[in-house]
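Note that the sequence shown covers residues 1202 to 1637 in my numbering.
Just so you know, even glycine gets a beta-carbon here, dropped at the ideal spot from N, CA and C.
Here's the structure we're looking at; comments come further down.
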Amino acid sequence: MSTTGAHVPDDGAGGGAAVAVAVAGPRRPTWWWWQRRRSFALDVTLAAVSAIECSFEGATFADRTGILTGAGALLGVLVGAVLVLRRRWPVAVVLVSIAMTPAQMGFLLSLVGLYTLAASEVPRRITAALAGMNGFGTMLVAFLQFQDNLRDPDSSTSLRMPLALSVAALMALGLTGPPVLLGLYVRARRRLVESLRERADGLERELELLAEKAAERAERARAEERTRIARDMHDVVAHRVSLMVVHAAALKAVALKDPQKASASAELLGDMGRQALTELRQMLGVLRTAPAPVPAPAAVLRPDADAEGPSLDRLAALVEESQAAGMGVELAVEGAARPCGARIEATVYRVVQEALTNVHKHAAGAKAVVRLAYRDTEVAVLITNGPSDGSPQTPLPSGGHGLIGMRERVTTHGGGFAAGPTSDGGFRVSAMLPTP
């Protein structure tokens, strides 16, 4: 079906919503070109009122021109009923009202038609042209009517030519300008509402994307936290239990020969067990702590929760534990000791702890050296051990994650890590971490 004018949404409040539903949303049951029953009822009512008005005006026009009164009234009914098409063909409605201007017929038809035309999506140049034609026709008819009154000898009107022209122009402007301006305002408002709705939809989509990204970040953070906790559990359990296994083997060997030494070993074994339980309790306490009123990702991303425990000040105690287990290990410190940050110090501590644990597991009786160096912008640690001296190897389980965990810890803080065998059959582990 061809169209003379563009589709016009419902008038009044909710007009923009009707367009949005018709364009973007699911189609609703319609009556021809009406989107809602209220629109249909409004247009039919306006058309009925316009038909009644035009029928009286048509009968009056027929009396003045000598045409049958019934024919004039019927013509008026047909002309007024055209208003029911205003949403589908606004241009045609305005053209009909312009054509009926000489007959002084269709006052409501003209007003509503101009408003609908201005509020529709018809190009503005067409709206301006038709509004100008309507205004000019109204002014011309009004002027000729005043001229007839001037020529009527029985008329008491004494209007002169300039006054008649001015009154006609004002009348044309008053009948054309307000409906056109009102229609343009409704059209602009509808476009504004549509743009705001599109912007709101865009913001909603952006919020959904941000929520998805936040969920992904939270999931990554949880995975990183699980990995961190697994590393800490591995370090604590592997190191402490390894020492306890070594001490248990030594205790078994000297239990009958040297009861005093066996008692000291048993006491040391108990201390190590208690230390292991304390560190495990600290980590599990972090997991059981009630979450603070902050977003979940921030809580998950909390760096080393046990940063108060492992530190460079405790390296000497760590070395002494290995010495007490029978390992020949030395600690050498280069440079002036200084705070390096809780996370950096905890990382260095865990690297040394895991390296010494590996010596206990894989190089029984080997001598080890721990070198800690404080530099201008970094702290470095080197752990080397020689080959095993052939001492009986205490079987200890190994998951193969020690070196991987150390590398992850160091690289997380932007440091460098290296590990590998030495030329004399031993092993070396080195790490360098930047300091704040």
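Return the Cβ separation of residue i and residue j in integer angstroms, given the expectation that the two are a contact with Cβ distance under 8 Å.
i     : j     : result
A1569 : T1585 : 7 Å
L1309 : S1251 : 5 Å
E1535 : L1513 : E1535 to L1513, Cβ: 13 Å. No contact.
L1318 : G1384 : 7 Å
M1340 : A1304 : Incorrect: roughly 16 Å between the Cβ atoms, too far for contact.
L1247 : V1313 : 6 Å
A1567 : S1589 : 5 Å
T1270 : G1336 : Contact flag wrong, Cβ pair sits at about 30 Å.
R1572 : A1533 : 5 Å
A1249 : G1259 : Contact flag wrong, Cβ pair sits at about 15 Å.
How would you write the range of the alpha helix (DSSP H) that residue i sits in, first residue to last?
i     : result
I1299 : P1291 to A1300
V1280 : T1270 to A1282
S1256 : R1238 to T1266
V1611 : G1603 to T1613
S1589 : Taken as a continuous stretch (DSSP letters only), S1589 belongs to no alpha helix (DSSP H), as it is neither H nor E.
V1313 : F1308 to A1320
Which residues bound the beta strand (DSSP E) around residue i?
i     : result
V1582 : E1579 to N1586
M1633 : F1628 to P1635
G1621 : G1617 to P1622
Whole angstroms are fine: how far does the CA of residue j sit from the CA of residue i?
i     : j     : result
M1301 : R1287 : 16 Å
E1420 : E1426 : 10 Å
T1578 : S1443 : 34 Å
E1480 : G1617 : 27 Å
V1580 : M1633 : 6 Å
P1645 : M1372 : Residue 1645 is absent from the structure shown; the chain starts at 1202 and stops at 1637.
E1613 : G1542 : For the record, residue 1613 in the displayed sequence is Thr; it is not Glu. T1613 and G1542: Cα-Cα distance of roughly 14 Å.
R1392 : L1408 : 24 Å
P1511 : A1564 : 25 Å
V1294 : F1262 : 20 Å
A1620 : E1468 : 35 Å
S1624 : L1583 : 16 Å
S1256 : D1402 : 49 Å
A1330 : G1338 : 12 Å
L1276 : L1345 : 23 Å
L1470 : V1520 : 16 Å
F1628 : T1428 : 26 Å
L1382 : T1328 : 11 Å
T1548 : S1464 : 34 Å
E1405 : S1396 : 14 Å
V1245 : R1418 : 58 Å
V1560 : Q1476 : 20 Å
Q1554 : L1410 : 43 Å
K1562 : A1526 : 12 Å
M1362 : F1347 : 9 Å
G1606 : A1422 : 17 Å
A1538 : K1458 : 44 Å
G1603 : A1431 : 11 Å
P1635 : A1456 : 48 Å
S1311 : R1390 : 23 Å
A1282 : A1332 : 21 Å
A1412 : A1424 : 18 Å
D1264 : E1254 : 16 Å
P1637 : G1587 : 34 Å
M1163 : P1540 : Since the first and last residues shown for the chain are 1202 and 1637, residue 1163 lies out of range.
Can you say whether residue i is buried or exposed, counting buried as having 16 or more other CB atoms within 10 angstroms of its CB?
i     : result
Q1461 : exposed
L1516 : buried
E1522 : buried
R1610 : buried
I1299 : buried
K1414 : exposed
S1240 : buried
E1399 : exposed
K1453 : exposed
Y1386 : exposed
G1267 : exposed
G1615 : exposed
M1306 : buried
P1291 : buried
D1433 : buried
P1380 : buried
G1367 : Position check: residue 1367 holds Ser in this sequence, whereas Gly was assumed. Classification for S1367: exposed.
R1482 : exposed
L1364 : exposed
R1144 : No answer is possible for residue 1144: the residues shown for the chain start at 1202 and end at 1637.
- Query: Which runs of the alpha helix (DSSP H) spanning at least 4 residues fall entirely within the region 1499 to 1570, listed in chain order?
  - Reply: Listed in chain order, they are 1516 to 1525 and 1543 to 1563.
- Which runs of the alpha helix (DSSP H), 4 residues or longer, sit entirely within the region 1369 to 1440? Within the region 1369 to 1440, not a single complete alpha helix (DSSP H) segment reaches 4 residues in length.
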